[in-house]
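To start, the structure under review is shown below, and the notes come after it.
Protein chains: 2
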Amino acid sequence: MSRKAMVRPGGRSARVQASVHAAVRELEAEMGREALTVPLVAARAGVTPSTIYRRWGDLQELLSDVAVERLRPETAPQDKGSLGADLEAWAEQFLEEMSAPTGRAYIRDALLGDPDGSNAGQCSAYAAEQIDVVLDRAAGREENTPSVETVLDRVVAPIMYRILFRPEGLDTAYARQLVAGLTGSADR
Amino acid sequence: MSRKAMVRPGGRSARVQASVHAAVRELEAEMGREALTVPLVAARAGVTPSTIYRRWGDLQELLSDVAVERLRPETAPQDKGSLGADLEAWAEQFLEEMSAPTGRAYIRDALLGDPDGSNAGQCSAYAAEQIDVVLDRAAGREENTPSVETVLDRVVAPIMYRILFRPEGLDTAYARQLVAGLTGSADR
DNA sequence: CCCTTGAAGCAACTTATTTGCTTTAAGGTG
DNA sequence: CACCTTAAAGCAAATAAGTTGCTTCAAGGG
């Protein structure tokens, strides 16, 4: 979000940004990600290509911004009554969303056009927030809780690693197994 | 390696591929990754741009191929006398290589221009091979060994996750801590 | 209400990418 | 060994993308 963050909040810039993002989403849905080009997006957004080049630099950075928006979780994690059950449910859903073809495409896009790593950092922050909610809830129940860091290392990282580097045979059982390994041995 | 794999082994194709790869490495060293373009690489390699476009599709796929080559480990893991020490040494070195700016760039490139995931899979296979050597050695000493999968989940995945998503404050202590968590509790 | 200023539009220009056709040379065949 | 076959390379023309200097617009501050 390097450039986006500098945008003036209320006026024309905001409208341009919104219409460009909307154009990306529409065209992605209509013709697929492969078919996107800057001039095409510009035309749909009613904007000149140079506006996009100047604000985003290139297609990848624009897609990265849009991808991060789509990776933002929409709902708080479900409350299943215990830390183990909450984490399990969250991890399963996370794995399912992220390992689906569209999820993987968003992750790749987010990483891709991200010179300074801020978009990738945002993705990780989303996961950390969700985990934080689960852990706070468990702490409220006086359960023993691992740290957010530990959950990131033991659950999130393996899932993401496999999605990115070994996309074969990923299923929700894997997510359950990771959570079990964590709650079972109660590390750290 | 989708396209590269189809190349006839001995003849002109192989020479072209070698000279294109060499051109990428030279130009990367001389002018930096940002400055690379297909026409530039082609000129250095003594080849027409259309050759590159037809064989690799675009600059990203070419860079991805080259990046994977550079991520291939060059030496077998050191033998430090015990599983814990071997894993620790390997993990430290892995983290240092991968988290250095050039290592991160190669990882990103490898993931980036990799439509079918085969280059990313190769990266993971390299790590798995190295770990396999360490584990075999430990088994030969009659030590209790975790599975390769476990080491990937508990050591490699967290390191890669942090490199890609949270590049702040990574040091060898982190690698040691991951290995300690694994050998200490002897999971699975 | 009028400046200031960052961002958008426009247009000319440069560079990259695609494509049809021709030529080359590796590898197999008689 | 000369001759085919064929995948891949070269070439060049055409299209498309990306860059840039300059002009115009409109939000926000005085």
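Chains L and B supply the protein sequences, listed in that same order. Using the numbering used here, you'd call the opening residue of the first sequence number 1 and step up by one each time. Using the numbering used here, you'd call the opening residue of the second sequence number 1001 and step up by one each time. Backbone N, C-alpha and C fix where the C-beta goes; we use that ideal spot for every residue, glycine too.
A straight line joining the alpha-carbon of B/T1172 with that of L/S147 spans about 20 Å.
At a cut-off of 8 Å, the C-beta of L/R54 has no neighbouring C-beta in chain B. Contact check between the region 10-29 of chain L and the region 52-71 of chain L: three or more CB pairs, one atom from each, fall below 8 Å, which counts as touching. Where L/N119 is concerned, the enclosing alpha helix (DSSP H) starts and stops at 118-140. Within the region 1065-1114 of chain B, the complete alpha helix (DSSP H) segments at least 4 residues long are 1083-1099, 1101-1112, listed from N- to C-terminus. Here B/T1145 is buried. Its C-beta has 16 or more other C-beta atoms within 10 Å. No Cβ of chain L is located within less than 8 Å of the beta carbon of B/D1109. Taking a beta-carbon distance threshold of 8 Å, B/L1112 counts as an interface residue toward chain L. For L/A18, the uninterrupted alpha helix (DSSP H) segment begins and ends at 12-31. Against chain B, the CB of L/R166 has a partner CB under 8 Å away; the residue lies at that interface. B/P1101 and B/L1164 have their alpha carbons spaced roughly 11 Å apart.
Around B/D1132, the same chain offers V1148 as residues with beta carbons nearer than 8 Å, after the five sequence neighbours per side are excluded. Judged by beta-carbon spacing, L/A91 lies beyond the 8 Å limit of L/V20, meaning their Cβ atoms are not closer than that value.
Listed in chain order, the positions of the region 60-83 of chain L with a beta carbon within less than 7 Å of a beta carbon of chain B would be empty, since no residue qualifies. For L/T48, the secondary structure class from DSSP, reduced to helix, strand or coil, is coil. At least one C-beta of chain L is nearer than 8 Å to the C-beta of B/S1124. Annotation: B/R1044 to B/T1037 spans about 11 Å, alpha carbon to alpha carbon. If you check each beta-carbon in the region 122-156 of chain L against every beta-carbon of chain B, the ones closer than 8 Å belong to C123, S124, L152, D153, R154, V156.
Between B/P1158 and chain L, the shortest Cβ-Cβ separation is below 8 Å. Here L/D171 carries a coil assignment [DSSP, helix/strand/coil]. Short of 7 Å from the beta carbon of L/R162, and not among the five residues preceding or following it, lie these beta carbons of its own chain, in chain order: L170. Take B/A1127, set aside five residues on each side of it, and the residues of its chain with a beta-carbon closer than 6 Å to its own are V1156, in chain order.
Under the three-pair Cβ rule at 8 Å, the region 1044-1064 of chain B counts as touching the region 1105-1114 of chain B. Closest in alpha carbon position to L/R54, among L/I159, L/E168, L/Q17, L/G121, is L/Q17.
Against chain B, a Cβ distance below 7 Å from L/G32 picks out nothing, because the smallest value is about 13 Å.
Under the 10 Å beta carbon count, B/S1124 is surrounded by 16 or more other beta carbons and is classified as buried.
DSSP, read as helix, strand or coil, puts L/L36 in coil.
Annotated as distal: B/L1083 and B/T1150, with beta-carbon spacing of 8 Å or more. Below the 7 Å Cβ cutoff, chain L contributes P167 as neighbours of B/G1117, in chain order. Within chain B, the C-beta atoms nearer than 9 Å to that of L/A120 come from L1164, F1165, R1166, P1167, in chain order.
As the crow flies, the alpha-carbon of B/R1104 is around 24 Å from that of L/L95. The three-state secondary structure of L/G184, taken from DSSP, is helix. Annotation for L/E143: no alpha helix (DSSP H) segment contains it, and DSSP assigns it neither H nor E. Within 8 Å of the CB of L/Y106, no CB atom of chain B is found; the nearest one sits about 14 Å away. When rounded, the separation of the alpha-carbon atoms in L/D58 and L/A120 is 17 Å.
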